[in-house]
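**Student:** Structure below; questions to follow.
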Amino acid sequence: MRLQIPTSMSGHRILGRTLLLGALLSSSAAYGTERGEASPLSTGSLKISYEEFTLPGNEKMGMTSLGISHDFTKNFHAGVGSWMAVKGERGGFITLGIDGGLFFPLTERIGVDTGLFIGGGGGRGGYTLSGGGLMLRSHAALTYDLGSWGRLGAGVSHVDFPDGGTITSTQPFVSYTLPFYSFVEKSRNNTGNRTLKSDQYLQLSPKRHALAVMKRDLHIASTTLTDTGTPQGNLSLLGIEWRTYLDDTWFARLETEGAAGGNSAGYMQILAGGGYRVPLGGNLYASSDLSLGGGGGGGIDSGGGLLFNASADMQYFLTRNLFADISAGYLKSNTGTFEAKTLAFKIGYQTGNRSRQKTEAADNHIFVPACMQIRAVSQTYFKAADNWRSHHADQNVDNLGVQIDYFLDRDWYLTGQGLAAYGGGAGAYMTGLVGTGSRKTVAGNLFLNAEGLVGAAGGGGLAIGSGLVWQGNLGVGYDISPALSAMMSAGRMQAMNGDFKANVIGLSLGYNFKSYMSETD
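The structure is reproduced here in structure tokens:
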């Protein structure tokens, strides 16, 4: 077993990564002081877009994006997003990356929005379409402000996969952006509760949030075929679900999962939608939801990639915040043969405010801080087994992504990460992992870090087996400021039942903040 140092990792690529991550994360605005009085609410947004890429041979691929961003200043916003195929014959073509942009108002309602997306991914065309996986997308659009209903946009974008890919396309697009207001401060130091005035409280949206780790078993219909026309077998998915409660019953949801069992490693889906939850008595709740999104890969015939999902849940709160959930559902592709009955098990944590009807008349609202960190992450995989890849076996794999850490106390945290390949001939490789970690200050601003993760991975010719993988990392970092930290790490990643073994070198820049989502009794 030997660690191969890359000869292809040129200086401009390393510098480019560093500048990209630094620019996006060091642009933050100050959110307030370290006193008990709250700073002003900050603004973020959810955005959905649609456009059609032109592929070689004049083939069209309809793509939709889902993204979340934060307004660091009145003109600059940055965040994370994903593009996924929903029309055509490329279901499973998905990318993940970092998005930044500038907004300039022209009149009270009309504005100009420009931006750049840098990410990685691919699928359903493999190395031929996406090459190493690096995706660059720039855009310019005119927008129209609908007030509290959000913002409509229409413009032109240009997409390129420059690392050996064959996609270069310019096209019109449309978008819809929905703003929301959050209560955050920079730094992860717990400095106590904060007070929110009633006028600020009424702007705060939404009220409660829930994050769950989920395992979903797909029982495939007998009519479902693979891409090659053979019967499709059952599979298991591993992923996460996020819910945001708009009031006491209605919620919006986002779900992302990847294959972690069966013979369809590389399958991934991202679903968004809404649902309704009602109490049944005590700690028991029932809910139902409808979602749509994109998915495919792993040889599954999902057609153009558009998926529809319906499910019903029973949810039981083990404590005030911790819950277990069982869900039965139905999942179907719009144009492919993919169809399945699903059974999911979830364990999650809910945080947030009390019912608005019960609290809006109060003069002050006391919130408890949740210390968090969001990291822009670059990781390189180095060959640690001869059969770790089915092609380009002597090349390292470069990945770009995002990691979110939730601190349980000053040292221990829960973590989740999503990464996609952007170099090394591994376009279409993606991974999503969850786990736990610990950081310990050793001297001044210097700290040590350790973490262990498990999850799903696949695509890009990596020999993942069923898709289930684990990863362990050790790192050394430095707190540049209370809000910004940098870290280098070394680790190991392996497939549970495949030939994939890799040594991992990582670089990350983290933005530390406190999110005041939970209201005291």
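Per mature numbering (1 follows the signal peptide of the UniProt record, and there is no 0), the sequence shown runs over residues -32 to -1, 1 to 489. Think of the CB as a built atom: it goes at the ideal place given N, C-alpha and C, for glycine as much as any other residue. Fair warning: this is a prediction, and the values are worked out from it, not measured in the lab.
1. Does the beta-carbon distance from MET455 to SER476 come in below 8 Å?
2. To the nearest angstrom, how far is it from the Cα of ASN277 to the Cα of ILE238?
3. Tell me whether the beta-carbon of SER295 lies closer than 8 Å to the beta-carbon of ALA280.
4. What is the C-beta distance between MET29 and PHE61, in whole angstroms, given that I count them as a contact (C-beta under 8 Å)?
5. DSSP beta-bridge partners for PRO140?
6. Could you name the residues of the same chain whose beta carbon sits closer than 7 Å to that of ALA233, not counting the 5 residues immediately before and after it, in chain order?
7. Is the CB-CB distance between LEU299 and LEU186 below 8 Å?
8. So the candidates are TYR112, LEU179, LEU64; which of them puts its Cα closest to the Cα of TYR213?
9. Quick check on this structure: which residue in LEU430, GLU419, LEU442 has the alpha carbon closest to the alpha carbon of ASP467?
10. Can you tell me whether PRO199 is buried or exposed? The criterion is at least 16 other CB atoms within 10 Å of its CB, across all chains shown.
11. Which of the three DSSP states, helix, strand or coil, is assigned to SER449?
12. What does the alpha-carbon distance come out to for the pair TYR397 and TRP218?
13. ASP373 and GLY391: beta carbons closer than 8 Å?
14. Mark ARG288 as exposed unless 16 or more other C-beta atoms lie within 10 angstroms of its C-beta, in which case mark it buried.
15. Would you call TYR95 buried or exposed, if buried means 16 or more other Cβ atoms sit within 10 Å of its Cβ?
16. Are there 16 or more other CB atoms within 10 angstroms of the CB of ILE78, so buried, or fewer, so exposed?
17. What is the rounded straight-line gap between the Cα of ALA424 and the Cα of THR75?
18. Rounding to the nearest angstrom, what Cα-Cα distance links ALA470 and ASP354 in this structure?
19. May I ask which residues mark the beginning and end of the beta strand (DSSP E) holding ILE36?
20. For ILE315, count neighbouring C-beta atoms within 10 Å of its own C-beta (all shown protein chains included) and say buried if the count is 16 or more, exposed if not.
21. Under 8 Å: do the region 130 to 149 and the region 15 to 24 share three or more Cβ pairs, one atom per stretch?
22. Within 10 angstroms of its Cβ, does LEU401 collect 16 or more other Cβ (buried), or is it exposed?
23. Taking the DSSP output, what are the residues bridged to TYR149?
24. Helix, strand or coil: which one does DSSP assign to SER204?
25. Would you tell me roughly how many angstroms separate the C-alpha atoms of residue 497 and PHE306, rounded to the nearest one?
26. Report the rounded CA-to-CA distance for GLY271 versus ARG92, giving the unit in angstroms.
27. Measuring straight from C-alpha to C-alpha, what distance separates GLY261 and GLY386?
28. Between which residues of its own chain and GLY304 is the CB-CB distance below 7 Å, once the five residues before and five after are set aside?
29. Answer with buried or exposed for residue 491, where buried requires no fewer than 16 other C-beta atoms within 10 angstroms of its C-beta.
30. With a 10 Å radius around its C-beta and 16 neighbouring C-beta atoms as the bar for buried, classify SER116 as buried or exposed.
31. Alpha carbon to alpha carbon, what distance is there between GLY88 and SER133?
32. Give the straight-line distance between the Cα atoms of LYS42 and VAL80, rounded to the nearest whole angstrom.
33. Which residues mark the beginning and the end of the beta strand (DSSP E) in which ALA180 is found?
34. Is it the case that the Cβ atoms of GLN363 and GLY393 are separated by a distance below 8 Å?
35. Taking VAL437 as the reference, which of GLY207, LEU34, LEU146 has the closest Cα?
36. Our contact map puts THR82 next to HIS107 with C-beta atoms below 8 Å; I'd like the distance itself, whole angstroms only.
**Tutor:** Once the coordinates are examined:
1. A contact, by the Cβ cut-off of 8 Å.
2. 11 Å
3. yes
4. 7 Å
5. Among the bridge pairs identified by DSSP, PRO140 is matched with VAL124.
6. ALA227, GLY266, GLY426, ILE432, GLY433, SER434, GLY435
7. yes
8. LEU179
9. LEU430
10. With fewer than 16 Cβ atoms within 10 Å of its Cβ, PRO199 is classed as exposed.
11. coil
12. Rounded to whole angstroms, TYR397 to TRP218 spans 35 Å at the Cα level.
13. no
14. exposed
15. buried
16. exposed
17. 47 Å
18. As the crow flies, the alpha-carbon of ALA470 is around 10 Å from that of ASP354.
19. 27 to 39
20. Classification of ILE315: exposed, given that the 10 Å Cβ count is below 16.
21. yes
22. Classification for LEU401: buried.
23. THR11
24. strand
25. Nothing can be reported for residue 497, as the shown portion of the chain is limited to -32 through 489.
26. 10 Å
27. 17 Å
28. GLY59, ASP269, SER270, GLY271
29. Past the boundaries of the shown model lies residue 491; the chain is included only from -32 to 489, so the question cannot be answered.
30. Under the 10 Å beta carbon count, SER116 is surrounded by fewer than 16 other beta carbons and is classified as exposed.
31. The amino acid occupying residue 133 in the given sequence is Gly; Ser does not appear at that position. Cα to Cα, GLY133 sits roughly 11 Å from GLY88.
32. 13 Å
33. 176 to 188
34. yes
35. Closest in alpha carbon position to VAL437, among GLY207, LEU34, LEU146, is GLY207.
36. 7 Å
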